[in-house]
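If you want this note's numbering, it's the position in the sequence shown, counting the first as 1, plus 141.
In this text, a Cβ means the ideal position worked out from N, Cα and C, and glycines have one as well.
Bear in mind that the values here come from a model prediction, so they are computed numbers and not experimental data.
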Amino acid sequence: MYKLVLILKYLRRKLAPMFAALAVTLCTAMVIIVISVMGGFLDLMRTSARKLTGDVIVHGDITGFRHYQEMIDAIEALPEADAATALISSFGLVNVNGHVVGAEVVGIDPEKFDNVVQYRDTLYWTSAHFLDMFRNDAFFTGQPPENQPAIEADIRTYEQNEFRDFGMAFKPLPHGEQLPGCVMGIEVAPTNLRNKQGKYKLVESRTLGHQVTVTVVPLSAKGTLGAYEPARRSFVIVNESKSGLYDIDKSRAYVPFDLLQKMLEMERIESPHFDPQTGETLPGKKVTPARATDIMVRGAPGVPLSQVRDAVQRATDAVVNDHGGDRFPFVMTWEDRHGVLLSAVQNEKGLITFLFAIISVVAFVMVATTFYNIVLEKTHDIGVLRAIGGSRIGVASIFLGYGLAIGVIGAVLGFGMAWVIVFNLNEINLFLCNKFDVCMWKPQTYYFDEVPEQINAIEVIWIMIGAVVSSVGGSMIPAVVAAMTDPAQSLRYE
Numbered sequence: 142m143y144k145l146v147l148i149l150k151y152l153r154r155k156l157a158p159m160f161a162a163l164a165v166t167l168c169t170a171m172v173i174i175v176i177s178v179m180g181g182f183l184d185l186m187r188t189s190a191r192k193l194t195g196d197v198i199v200h201g202d203i204t205g206f207r208h209y210q211e212m213i214d215a216i217e218a219l220p221e222a223d224a225a226t227a228l229i230s231s232f233g234l235v236n237v238n239g240h241v242v243g244a245e246v247v248g249i250d251p252e253k254f255d256n257v258v259q260y261r262d263t264l265y266w267t268s269a270h271f272l273d274m275f276r277n278d279a280f281f282t283g284q285p286p287e288n289q290p291a292i293e294a295d296i297r298t299y300e301q302n303e304f305r306d307f308g309m310a311f312k313p314l315p316h317g318e319q320l321p322g323c324v325m326g327i328e329v330a331p332t333n334l335r336n337k338q339g340k341y342k343l344v345e346s347r348t349l350g351h352q353v354t355v356t357v358v359p360l361s362a363k364g365t366l367g368a369y370e371p372a373r374r375s376f377v378i379v380n381e382s383k384s385g386l387y388d389i390d391k392s393r394a395y396v397p398f399d400l401l402q403k404m405l406e407m408e409r410i411e412s413p414h415f416d417p418q419t420g421e422t423l424p425g426k427k428v429t430p431a432r433a434t435d436i437m438v439r440g441a442p443g444v445p446l447s448q449v450r451d452a453v454q455r456a457t458d459a460v461v462n463d464h465g466g467d468r469f470p471f472v473m474t475w476e477d478r479h480g481v482l483l484s485a486v487q488n489e490k491g492l493i494t495f496l497f498a499i500i501s502v503v504a505f506v507m508v509a510t511t512f513y514n515i516v517l518e519k520t521h522d523i524g525v526l527r528a529i530g531g532s533r534i535g536v537a538s539i540f541l542g543y544g545l546a547i548g549v550i551g552a553v554l555g556f557g558m559a560w561v562i563v564f565n566l567n568e569i570n571l572f573l574c575n576k577f578d579v580c581m582w583k584p585q586t587y588y589f590d591e592v593p594e595q596i597n598a599i600e601v602i603w604i605m606i607g608a609v610v611s612s613v614g615g616s617m618i619p620a621v622v623a624a625m626t627d628p629a630q631s632l633r634y635e
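As C-alpha cells, this is what we get:
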C-alpha cells in the first residue's frame, strides 16, 4: 500500500516528473502523427493503383495476344472471378490545343471497364461543375448578349443529364465537335492548373469539347510495322480522368476500344486464302483473330488474390493450348503490377518512422535522468523505508511503478494530441496558409488534394505500448540504484 501512496505523492507534488511525462507525450504524438500520415499516403496510393488496375491482370506484350474473348469467357466462368474486360494499350502522340505530348493510349469499353474497376468514379468533371459555373455572376461578365441563349440551353442540358455519362459513352458534348469522344488524364493538358485548394477550375480548362489528334503506330503480331505510316484520328475530349496516381493521369488517354483496335490493325481480318506452292486461291477465307494487350479481372469477394491469379493463369493457358499457341500472356496481381512504386512508399514510411523512433529515445533518457535525480534527492527517505522493513524489491517497485505511471500518462496524452492534430491537419494547414502564408502542404505540388486523415488502431496500440515500455525501462536503472542503497549510509545522508 505504501508503494501506491508514494507514487501518487510524487506525481502530485513533484514538477520534474511532469517534464518526463511531457517528453513521453510529445514523442508518442510525434511518432503517431508521422506513421499515420505516411500510412495514409500509402493507403491512398494502394487504393488508386487498384482502382484502375483491377485485381488481376492478364498482360501480353505491345503486339497483343489473340483469342482474348475466349479467355474472358473462360475467366468469367470461374468461381474465383466476377468480371473481366479486354483493353488495348499503346504508346502514342496526342495533340492537345497545339501541344504534342507522349501518352499511353488505352482502348476500353467504358461500361465493361467500369464493371471491373471504378472507372466512372475517376471521371473528374460532373454536371455540378458546369451548373456552378453558369450560375456564377462573374462568369457572365463580358459575355455578349448573343451567347445567352446558348448558355441557357447548356444549363438545361446539364440539369437533365449527368456530365459523367458523356465520358461513359464516349459521346460528343452538345457544345463541342461532333467526333468520337475520348477521356484524357487530367494532367495531360498543360492548361489544367490547380488552385491553392488543389482543385481544377472549369473556367480555366481549355480542353473539354475540344478536338485532339491521336497518333499511334500499328504493329503486326510479329512486331513489324503494320503500315507504312502512323495512324491518326481526331477525337473530342468529353471528360478528364483523375485516378490519384500522377504517372497515370499525366500520360493516359482513353479512347473507344474498337476504334483503337482498327487504328492499330489489331481487329479480326478475313483475307483470301492462297496455296503457298501454286499461288492459287483456295476456298474459304484466311482469318486473323483480333488482338488485345491486356485483360483486367475483378476477383470474387473473399477470394485471395493469389488464388484468383492462379485460376486465371490456368484458364488463359488452356485457351492458348487449345489453339496450339506458344505465346502465353503473363498473369499478375495489381500488387505485382505496381510493386516497385508501393514498395518505395512502404520503405519510406518505415524509414521515417524508424528515424522518429530513434529521436524518441529522448523520452527514455528524460525518464532515466529525472528518476536518478529523485533517487539522489530521496536517499534519506529510501533509508527510512529500508530501515522499517522495506525490501529491495519493494523500493525498486516504487520507481518502476512511478515510471509505469509516467508512461501511461504520456502515452494517453500523446494519443489524444495526435488524434486532434491528425484529424485537423487540413484545417491547420489552411489556417497557416491564410494567416501566415506558411503552407506545410501544397496541393499544387503534391498530387493528392488533401492530407490523409486516418489513424491505424493497431499501430497506435503498439506505439503506446512502446512508450510505456520505454518509460519503465528508463526508470529501471534508478530503481536498481535505489534498491542497492545501504540503509545505514542512507540514514546518515544529508
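For the beta strand (DSSP E) that contains T354, what are its first and last residues? T354 -> beta strand (DSSP E) spans 352–357.
Closest by CA to T204, which one among P220, V178, S189, S231? S231
Compare the Cα-Cα distances from D451 to each of D463, H464, V472 and report the closest residue. V472
Relative to the C-alpha of T643, which candidate in M507, P220, I389 has its C-alpha closest? Here the chain covers residues 142 to 635 and nothing more, so residue 643 does not appear.
Using the rule of at least 16 other Cβ atoms within 10 Å of the residue's Cβ for burial, across every protein chain shown, is E370 buried or exposed? exposed
Cross-strand partners of E245 (DSSP beta bridge): F232, R393
So what does DSSP say about L320, is it helix, strand or coil? coil
Quick check: the stretch 235–251 against the stretch 170–190, are at least 3 beta-carbon pairs closer than 8 Å? no
Closest residue to A623 among V561, A509, M179, Y209 (Cα-Cα distance): Minimum Cα-Cα distance from A623 among the listed residues V561, A509, M179, Y209 corresponds to A509.
Given a cut-off of 9 Å on the beta-carbon distance, is the pair G542 and M605 in contact? no
Opening and closing residue of the beta strand (DSSP E) in which I618 lies: Counting along the chain, I618 falls outside any beta strand (DSSP E), though it belongs to the alpha helix (DSSP H) covering 598–624.
Nonlocal neighbours in the same chain, by C-beta distance under 7 Å from R187, ignoring five residues either side: L483
Less than 9 Å between the C-beta atoms of S375 and V324, yes or no? no
So does the stretch 252–261 actually touch the stretch 234–242, counting three or more Cβ pairs closer than 8 Å? no
With DSSP as the reference, please indicate the residues paired to F471 in a beta bridge. H200
Should the stretch 395–414 be regarded as contacting the stretch 354–364, the criterion being three or more beta carbon pairs within less than 8 Å? yes
G466: first and last residue of the uninterrupted beta strand (DSSP E) it sits in: Run containing G466: none; DSSP gives neither H nor E here.
C-alpha distance - R393 paired with D184, whole-angstrom precision: Their backbone Cα atoms lie some 22 Å apart in a straight line.
Using the beta-carbon count (16 or more within 10 Å), is S612 buried or exposed? buried
Report, in whole angstroms, the separation of the C-beta atoms of V428 and V235, which I expect to be a contact under 8 Å. Going by Cβ atoms, the distance from V428 to V235 rounds to 33 Å, so no, they are not a contact pair.
If you run the structure through DSSP and keep just helix, strand and coil, what is M325? Assignment of M325 by DSSP, reduced to helix, strand and coil, places it in the strand class.
So if DSSP puts A225 in a beta bridge, which residue, or which two residues, is it bridged to? V438
If V609 and A537 are in contact, beta carbons under 8 Å, what's the gap, nearest whole angstrom? In fact, because the Cβ distance is near 18 Å, the residues do not count as touching under 8 Å.
Please look up how many angstroms separate the CB atoms of R305 and N380, rounded, as I've assumed it's under 8 Å. 7 Å
In terms of alpha-carbon separation, which member of F495, I547, L496, I500 lies closest to T99? Given that the chain is displayed from residue 142 to residue 635, the structure contains no residue 99 and the question cannot be resolved.
Leaving out five residues on either side along the sequence, give the residues of the same chain with a beta carbon under 8 Å from the beta carbon of Q487. L183
With a threshold of 8 Å on Cβ separation, who are the neighbours of V192 within its own chain once the five nearest residues in sequence on each side are excluded? The sequence shown places Lys at residue 192, not Val. Only V258, Q259, D262, T263, S384, G385 meet the Cβ criterion.
When you compare the CB positions of V197 and M437, do they come within less than 9 Å of one another, or not? yes
Using a Cβ-Cβ cut-off of 6 Å (strictly less than) and excluding sequence neighbours within five positions of A157, which residues of its own chain qualify? T511
Between the Cα of P251 and those of G233, L228, D388, spot the shortest distance and give me the residue it belongs to. Ranked by Cα distance from P251, the options G233, L228, D388 are led by L228.
How far does the alpha helix (DSSP H) with E381 in it reach, from first residue to last? Secondary structure note for E381: it is in no alpha helix (DSSP H), and the uninterrupted beta strand (DSSP E) holding it is 372–382.
Does the separation of the CB atoms of A441 and V453 fall below 9 Å? no
Beta carbon of A485 nearer than 9 Å to that of Y209: no
Measuring alpha carbon to alpha carbon, tell me which of V621, I410, V444, A459 ends up nearest A431. I410
Using a Cβ-Cβ cut-off of 6 Å (strictly less than) and excluding sequence neighbours within five positions of V444, which residues of its own chain qualify? E221
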